[in-house]
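A short worksheet on the structure shown next.
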Amino acid sequence: MIRRLIFALWAISLMLPAAAQVQRQFPQTALRGEIVFGQPPELQLNGETARLAPGARIRAENNMIVLSGSLIGSRHVVHYTSDPQGQIKDVWILQPQERAMLPWPRTVKEGSTWQFDVTAQKWTIP
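Under the working numbering, the sequence shown has 98 at position 56, and the numbering climbs by one with no breaks.
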């Protein structure tokens, strides 16, 4: 019984590094920015006051959903999307290898004029 448990734990430990290598897929509309979380729903986005949209989703570096209240006072480099009213709808706190993916648009104008390879998750500037 204990051997089976040890074997199962060992087998699971072999799969964990493979799961950590999965590349997150960001939508073409995602922009890069720096967020400082304030008292929900308030935040600072690239130094400007902004708000989280009702039902906003924030994903931590491990891709798990986190509550904005647990992030008060923290600063992160993120990818984010906005709703039609300009409120922040989706936020992905970036992992170090995701922060290294350059270039990445910071403005809607850049995102509309650059070319995006959704599979490779790479932008090119024409």
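By construction, the Cβ of each residue, glycine as well, lies at the ideal position given by its N, Cα and C atoms.
According to DSSP, which residues form a beta bridge with Thr91?
Per DSSP, the beta-bridge partners of Thr91 are Gln86.
8 Å CB neighbourhood of Asn88 in its chain, flanking five on each side removed
Result list for Asn88: Gly75, Glu76, Arg148, in chain order.
Note down the Cα distance separating Ile167 from Val160, rounded to an integer number of angstroms.
When the Cα atoms are used, Ile167 and Val160 turn out to be separated by approximately 15 Å.
Looking at the unbroken alpha helix (DSSP H) that takes in Gly153, where does it start and where does it end?
Note, Gly153: alpha helix (DSSP H), 150-155.
Where Arg66 falls: helix, strand or coil (DSSP):
Coil, per DSSP.
Take Pro145 and list the residues in its own chain whose beta-carbon comes closer than 7 Å to its own, dropping the five residues that flank it on each side.
Trp165, Ile167.
What did DSSP end up calling Pro96 once you bin it into helix, strand or coil?
Pro96: strand per DSSP, three-state reduction.
Can you tell me whether Leu73 is helix, strand or coil according to DSSP?
Look at Leu73 here: in three-state DSSP terms it is strand.
Beta-bridge pairing of Trp165 - partner residues as DSSP gives them:
Answer is Phe158.
Does DSSP put Tyr124 in a helix, a strand or coil?
Note on identity: in this sequence residue 124 is Ser, with Tyr being the wrong assignment. Of the three classes helix, strand and coil, the one that applies to Ser124 here is strand, per DSSP.
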